[in-house]
Structures are given as C-alpha cells and as structure tokens.
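Each remark here refers to the structure printed beneath this line.
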Amino acid sequence: MITEPLVNPDKRQKTVTAPHLRVPQTIHFILFEVVPFLGFITAIVLLLFGIPMTWVDLGLFISLWFLTQIGFTVGWHRLFSHNAFKANVVVRVTLAILGSMADPGPLLLAVAAHRRHHEYADQPGDPHSPHLFGEGVTDQIKGFWHAHDGWLATNREHPNTIHYVPDLLRDKALTTASRYYWLWVILGLVIPAILGGVLTNSWLGAFQGFLWGGLVRMFFVNNLINGVNSFCHVLGGRSFNTPDHSRNNLWLALPSLGEGWHNSHHAFPQSAIFGFDWWQVDIGGWVVLILEKLGLIWDVKIPKADTIKAKKAFLAARKAT
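This note's numbering applies: residue 1024 is where the sequence shown begins, and numbers increase by one.
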C-alpha cells in the first residue's frame, strides 16, 4: 500500500491500474493484516501458558481500541467519506491520525474506496462486495473472504483519488496526514509499548503493552472494520429496503461503536448518526453530538423522523414494484 494518492489527471477515469503497487500492497497486507493475527495467536498461547493479561494490558487495549475506532467511525467514515459534519483543522487531523492507527490504509485511498463502494454497492465495481462470486456455497465463502480481507491483497484497480476525493486533495492538512500513514500506524504500536513499560517498570510490561495495546488491538479493530464489509452485507436485519444487501447487525454495532447499523447508513449515507431507533446503540454518533455541544464541529447532518419514515415507505414501495 502506498502513501501517496493515486491520481489520474482525467477526472472521468474512476480507477487507476498500477501493477507496480502489487509488492507494496502485499507487504502492507502481511504487516498489518497477517502480523496482527499472529500477535493475537501469540497472546492466546501466552494465556494458555500462564502469562495473564494484566489490568495495565486491559486498560491499554480498551483505550487504544476506543480511540482508534472513534478515529475511524467518526473521522474516516462519517466526516471524511460522507461530509456528515464540518470540523476545524485540529479535529480533522486528530481524527485522521487516530483512524490511521487502526491501519485501514492511507486516508485518501481508503475514503476513495469507500465512496466507490457506495456508488456500486453490491454491484460490479464495488471493491469489496461479498455478492459477486456466484450462488454456490464455495462461491459465497470466496465472496465473504474477499469482502472481509481478500480484497486488500488482491484488488488491482484502485480508485482514482482525483475523481473520488477532490475535496480531500484540496485539504493540505489531510493530504499530509495521509502521506505519513505509516508513521501513525507505528506510533499506534509504540505508544502502548512505552506506556506498558513505564506503568509496570519492566520490559515484560513493554512487550505486553505492545502485544495487547498494539497487535491484538489492531487485529480486533481490523476485524470490526472488515466485518462491516462482510457480515453487514450478509447477516442481520434490514430496516430499509435499499437496493443493496446491507444489513443492521447489533453484535457488530456495539464494539464497532455504531458501524454495525450498516443498512441504516446505506439508507442515509450523509447522516452523522447511524442508529435511528432508541435501542440502536451508536456510540460514535454520541461522540458526534458531544463534539457538537462543545462547539468543535458544526453543520451536523441528521435526518428528521418524518424523513426517515418517508424513506422507509419509498424504498418499500419501490421494492414491491
């Protein structure tokens, strides 16, 4: 995965084919998908051999999970991908850095891929739909793997950033943050290691901080983000009869801080809130409302109740015809 935006000067060209990216793309997949998985396996083995997860480890895991997941859902998804609200440069850069620590790829490329996903949701052109491989059991398994993780390693057509994210390309602070993506990912591993060592005054504490607050946390957040692409297009309820296969998934919505209300999001992509019903816990949406109250963000887009009701009726009627 490269850190510079992929640009074809022709805005009409939606994708860029870049064969020279195959090696860095594979390296990125190994370092930030495979290695965190190996870290998770290592943590399980250590637990089985009597090396416990300490309170310091738990605190680092929870705090880094929450901060990086907020960076992704509030910043990368709701703000940068869908312009669901406006924010000052400090908030924008902070969210960009925190989201980068979740290692979803460089900001501009990730946002471009997500906007392309909404443009072609579950149709040819969607970079990570699980529904484009056939109807057989083997085809569905292949599609699920592609949506969850495989596309990160095998995708050969990358979204043209000048077509999909011209607004972000004009934001010098965000383009700089995207360029230093690797630095933020590394800091997301180094910071918990340093804190673990300092708080326990031991090298073992530093290692466990790196393991639990770094690799295991990264593996967990990775699978929350990837799970929206896979599980939330296969399993769950549908509040809206959208033309795609998006689903609302409670069990994913809770740890992903609201991302699991994916069908509701596809019905109202520009909404800063994903949980429209009282029981749909959307912690990311609550953070948005808190930031608005503090005056740190503004122009927050939230559909009114009658608009939501009308959209449900419209989509249901269109489905019936």
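Where is the CB? At the ideal position from N, CA and C, for every residue including glycine. Note that the coordinates shown come from a computational prediction; the quantities given were computed from them, not determined experimentally.
For this session: If I'm right that Gln1293 touches Lys1324 with Cβ under 8 Å, what's the distance once you round it to whole angstroms?
Result: Here the question's residue 1293 lines up with position 270 in the sequence shown. Here the question's residue 1324 lines up with position 301 in the sequence shown. Right, the Cβ-Cβ distance comes to about 5 Å (below 8 Å), so this counts as a contact.
Problem set entry | N-terminal and C-terminal residue of the beta strand (DSSP E) that Val1039 is part of | Position 16 of the sequence shown holds residue 1039. For Val1039, the enclosing beta strand (DSSP E) has its first and last residue at Thr1038 to Thr1040.
Exercise. Do the CB positions of His1141 and Ala1170 come within less than 8 Å of each other?
Worked result: Against the sequence shown, residue 1141 aligns to sequence position 118. Against the sequence shown, residue 1170 aligns to sequence position 147. Using a Cβ distance threshold of 8 Å, His1141 and Ala1170 do not count as a contacting pair.
Problem set entry | Extent of the continuous beta strand (DSSP E) to which His1181 belongs | As a first step, residue 1181 is located in the sequence shown; it is residue number 158 there, counting from the start. Residues Glu1180 to Pro1182.
For this session: For Arg1261, I'd like the list of residues in its chain whose CB is within less than 8 Å of its CB, leaving aside the five on either flank, ordered along the chain.
Result: Counting from 1 along the sequence shown, the entry for residue 1261 is found at position 238. Cβ neighbours of Arg1261 beyond the five flanking positions: Ser1269, Arg1270, Asn1271 and Asn1286.
For this session: Evaluate the contact criterion for the segment 1120-1129 versus the segment 1192-1210: three or more CB pairs, one atom per stretch, below 8 Å.
Result: yes
Exercise. Between the C-alpha atoms of Ala1119 and His1100, what's the straight-line distance to the nearest angstrom?
Worked result: If you number the sequence shown from 1, residue 1119 lands on position 96. If you number the sequence shown from 1, residue 1100 lands on position 77. Ala1119 and His1100: Cα-Cα distance of roughly 10 Å.
Exercise. Is the segment 1151-1170 touching the segment 1065-1083, taking contact as three or more C-beta pairs under 8 Å?
Worked result: By the Cβ rule, the segment 1151-1170 does not count as touching the segment 1065-1083, because fewer than three pairs are nearer than 8 Å.
Exercise. Between the beta-carbon of Leu1314 and the beta-carbon of Gln1092, is there less than 8 Å?
Worked result: Here the question's residue 1314 lines up with position 291 in the sequence shown. Here the question's residue 1092 lines up with position 69 in the sequence shown. The answer is no: Cβ separation not under 8 Å.
For this session: Using three-state DSSP, classify Gly1220 as helix, strand or coil.
Result: The count along the sequence shown starts at 1 and reaches residue 1220 at position 197. Here Gly1220 sits in helix by DSSP.
Exercise. What are the start and end residues of the alpha helix (DSSP H) that includes Lys1316?
Worked result: Here residue 1316 is taken as the residue at index 293 of the sequence shown, counted from 1. Note, Lys1316: alpha helix (DSSP H), Ile1306 to Lys1316.
Exercise. Using DSSP with H/G/I as helix, E/B as strand and the rest coil, what is Gly1128?
Worked result: Position 105 of the sequence shown, counted from the first residue, corresponds to residue 1128. Of the three classes helix, strand and coil, the one that applies to Gly1128 here is coil, per DSSP.
Problem set entry | Any 3 or more C-beta pairs closer than 8 Å across the segment 1211-1221 and the segment 1231-1240 | Counting Cβ pairs under 8 Å, three or more are found: they touch.
Exercise. Exposed or buried, which one is Val1113 when buried takes at least 16 other CB atoms within 10 Å?
Worked result: Against the sequence shown, residue 1113 aligns to sequence position 90. With fewer than 16 Cβ atoms within 10 Å of its Cβ, Val1113 is classed as exposed.
Problem set entry | Beta-bridge partners of Ala1135, as assigned by DSSP | For the purposes of this step, residue 1135 is taken as the residue at position 112 of the sequence shown. DSSP, once it has assigned bridges, lists no residue as partnering Ala1135.
For this session: Rank Val1079, Phe1084 and Val1134 by C-alpha distance to the C-alpha of Leu1016 and give the top, closest one.
Result: Residue 1016 is absent from the structure shown; the chain starts at 1024 and stops at 1344.
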